[in-house]
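Student:
Number of protein chains: 2
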Amino acid sequence: MKRKITLKQIAKELDVSISTVSKSLRNSLEIGEETRLKVQAFAKFYHYKPNNIALSLKNRKTKTIGIIIPEIVHHFFSTVINGIEQVANENGYSVIICLSDDSFDKEVLNMEMLANGSIDGFIMSLSKETQFRGDFHHITEVINQGMPVVMFDRVTNDILCDKVIIDDKYAAYEAVQSLIDKGRKKIALVTTVDYVSVGKLRTDGYTKALLDNGIPFNEDLIIKIEDIDTCEITIGKLLEDKAIDAVFAVNELFAVTIIKTANKIGLNVPNDLAVIAFTDGIISKYSTPTITTVSQSGIKMGNKAAKMLIERLESEEDEEDENYKTEVIETHLIERESTN
Amino acid sequence: MKRKITLKQIAKELDVSISTVSKSLRNSLEIGEETRLKVQAFAKFYHYKPNNIALSLKNRKTKTIGIIIPEIVHHFFSTVINGIEQVANENGYSVIICLSDDSFDKEVLNMEMLANGSIDGFIMSLSKETQFRGDFHHITEVINQGMPVVMFDRVTNDILCDKVIIDDKYAAYEAVQSLIDKGRKKIALVTTVDYVSVGKLRTDGYTKALLDNGIPFNEDLIIKIEDIDTCEITIGKLLEDKAIDAVFAVNELFAVTIIKTANKIGLNVPNDLAVIAFTDGIISKYSTPTITTVSQSGIKMGNKAAKMLIERLESEEDEEDENYKTEVIETHLIERESTN
DNA sequence: CTGAAAGCGCTTACAG
DNA sequence: CTGAAAGCGCTTACAG
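Sequence order for the protein chains is Y and E.
Following full-length UniProt numbering, the numbering of the first sequence begins with 1 at its first residue and continues without gaps.
Following full-length UniProt numbering, the numbering of the second sequence begins with 1 at its first residue and continues without gaps.
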């Protein structure tokens, strides 16, 4: 049990000053070659590695990125983390991840905790509750302290900062248009409650596609699901009562539930009912039938978000040019068996 | 853009010493009430929060746990993280997550990086490559430095430390036994390559169940899949040539592929072919038919691992009693449509 | 009751 | 060429 070795110990052992050791290890030409090599050899032998915490304190930067997401057991979010991790590591950053569990309080707590010196900047996606409340003071505060924030996916217009999103409205439009192109006339929308920003935008896209094609908009064909566990009944009713021939679901969990319900009441997917889902995840790929989806590349989102954050962190701190950008990641339709 | 306020600034502003401020904020009775309240009010007004990094340096502990896992886009691992996060947060710890991508080098790099002061202890699951090489020097080193390590799921006997696992062999045994109980006679095993510790154990359980029931063990019925993308052909052959009536798959991805392949060649699951998978994830729940699985609770594993680590961290450092424990998390069979 | 000093582990401008 | 000093932000034993 040898504790990690420090500069001080090396200095003592070699009978030189701490400064000399430090400089030798950083290969400063200030130090005579003989001493330098001696110190380096000794340090190498004892596996000396500078203490990150001490460096952070000294440099006033930690080289770590804080990530706050609602939920990790979610293919999309894991994917984004992967993307962030990639470019973070390439640039010598590590990441520290906190989960808000879609709770406002946890989001605030986590941000405060990380903001106290543990990280250099945030990458985050808002919790449902935060979006519902519209209370973003914790984020403003962090930004005011000079800590950059990049938001992705679930963002808000109320905060000025870098963002990376997909064009939810347009992507939804395209998806619905593809259904119309295939001759579907009565298209339902299964979505989330309105305060989730992306849910709202996808609804807009859905509506616009219908209207642009002269299809009457029918409120009854929109179902807003609050809780996935109780949705089957609502969905069953929709399918039985409304004689629809297609559904656009705002995520793949809804989509797979729709398919299963349809099967139960004797509807064939895709013949009787076409199904498209937002978010290309693992379920869509392995469901039977496989599900046509709008793919939003989490990896790309993560890459981009990390790039934006690191760029800001390393840009000479000329804090004045706060020209925040919003990057839009491209989506595309992945055609599978649930449409034809 | 007001940078975060420090003790020093408060001291200056209030014209007292830094010590006085520090003590006041920690509510030390050493300080006169008047001063104490004045300082506290001021600090509150400016949202003073102590700098974590400084505290870490001072206390020589960071109150953060390092997690190293092979892959985050994996329901089981995300689930474990969730479990770790829960009890970590309850105990005032945060977590920092690094991914090894199943690569030995990344695992080593990440561990070295975190070991340099950033965290107090590790919770980890070995990368495939590490298991393949059998090289664990990076872990030994960390432990020798006095940093506790808890391993979960993919562990090794070559390292002495706390571990939390499931009884892979027994769970596999049970699963196969349940197939036998349902009258299945010719049961195949679809597994991973042998160096993945859990793969090996599950194979052992499978074999034992067969032998215990007087069913001849047939090497040809065991398929080892290296790469999920090319497995369909191998699986197809198994199903067509071997006339099996049940399959035990070592994970749900294999299981769902088996089911899809079976469907293609006209086999009905579960009538012609029963399927059981290890690891209860999201696919099993939403596949058609839904898949009977051995559930290993990632949440519980994470909870337990975090508890063990924190306990060790906070146990008075009486480092001598290194009585390492291995906790076994219970599994159970979740019966669904793929068996009957 | 208040403050100066030492220290956590490091770096770097400044003396010598 | 080497080292003492100051400092990052904090805490705490010790003086006064």
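All residues carry an ideal CB built from backbone N, CA and C; glycine is no exception.
Model, not experiment: these values are computed from the prediction.
May I ask you to list, following chain order, the residues of the segment 44-58 of chain Y that have a beta carbon less than 8 Å from some beta carbon of chain E?
Tutor: 47, 49, 50, 51, 52, 53, 54, 56, 57
Student: Measuring straight from C-alpha to C-alpha, what distance separates residue 336/Y and residue 73/Y?
Tutor: 24 Å
Student: Given this structure, state the Cα-to-Cα distance separating residue 64/Y from residue 238/Y, to the nearest angstrom.
Tutor: 48 Å
Student: On the DSSP bridge list, what partners appear for residue 66/Y?
Tutor: In DSSP, residue 66/Y forms a bridge with 96/Y, 122/Y.
Student: Is the shortest distance between the beta-carbon of residue 4/Y and the beta-carbons of chain E less than 7 Å?
Tutor: yes
Student: Considering only the beta carbon of each residue, do residue 269/E and residue 333/E sit closer than 7 Å?
Tutor: Not a contact, by the Cβ cut-off of 7 Å.
Student: In chain Y, which residues lie less than 8 Å from residue 113/E when you measure between Cβ atoms?
Tutor: 52, 94
Student: Output needed for residue 175/E: all residues of its chain with C-beta closer than 7 Å, excluding positions within five of it in sequence on either side, in chain order.
Tutor: Listed in chain order, the non-local C-beta contacts of residue 175/E below 7 Å within the same chain comprise 248, 276, 294, 333, local neighbours out to five positions each way being set aside.
Student: Between the alpha carbons of residue 17/E and residue 196/E, how many angstroms are there, rounded?
Tutor: 59 Å
Student: If the cut-off is 7 Å on Cβ atoms, which residues from the segment 127-153 of chain Y count as contacting chain E, listed in chain order?
Tutor: 144, 145, 146
Student: Going by alpha carbons, who is nearest to residue 235/Y out of 172/Y, 189/Y, 219/Y, 207/Y?
Tutor: 189/Y
Student: Note down the Cα distance separating residue 286/Y from residue 283/E, rounded to an integer number of angstroms.
Tutor: 7 Å
Student: Name the DSSP bridge partner or partners of residue 147/Y?
Tutor: None; residue 147/Y has no bridge partner.
Student: Quickly, what does DSSP pair residue 326/E with across the bridge? List them, please.
Tutor: 163/E
Student: Report the option in 71/E, 6/E, 211/E whose CA atom is closest to the CA atom of residue 45/E.
Tutor: 6/E
Student: Can you give me the C-alpha to C-alpha distance between residue 83/E and residue 338/Y, rounded to a whole angstrom?
Tutor: Going from the Cα of residue 83/E to the Cα of residue 338/Y covers about 35 Å.
Student: Chain Y partners of residue 62/E, CB-CB under 8 Å?
Tutor: 53
Student: Can you grab the Cα-Cα spacing for the pair residue 297/Y / residue 87/Y, in whole Å?
Tutor: 15 Å
Student: Should residue 75/E go down as buried or exposed, given a rule of 16 or more other Cβ atoms within 10 Å for buried?
Tutor: buried
Student: So, is residue 307/E buried or exposed, given that buried needs 16 or more other C-beta atoms within 10 angstroms?
Tutor: buried
Student: Is it buried or exposed for residue 99/E, if we count other Cβ within 10 angstroms and need 16 for buried?
Tutor: buried
Student: Below 8 Å, can you find three or more Cβ-Cβ pairs linking the segment 119-136 of chain Y to the segment 89-108 of chain Y?
Tutor: yes
Student: In chain order, which alpha helix (DSSP H) runs of at least 4 residues are fully inside the segment 22-91 of chain E?
Tutor: 33-45, 52-59, 75-90
Student: Would the beta-carbon of residue 122/E fall within 7 Å of that of residue 305/E?
Tutor: no
Student: What are the residues of the segment 252-269 of chain E that lie near chain Y, defined by any Cβ-Cβ distance shorter than 9 Å?
Tutor: The segment 252-269 of chain E vs chain Y, Cβ under 9 Å: 252, 253, 256, 257, 259, 260, 263.
Student: Using the DSSP secondary-structure output, state which residues sit across from residue 189/E in a beta bridge.
Tutor: In the DSSP output, where bridge partners are listed per residue, residue 189/E has 222/E, 248/E.
Student: Return the residue from the list 210/Y, 119/Y, 328/Y that minimises the CA-CA distance to residue 302/Y.
Tutor: 328/Y
Student: Considering only their Cβ atoms, is the gap separating residue 23/E from residue 31/E smaller than 7 Å?
Tutor: yes
Student: Against chain Y, with Cβ distances strictly below 7 Å, would residue 236/E count as a contact?
Tutor: Closer than 7 Å: no.
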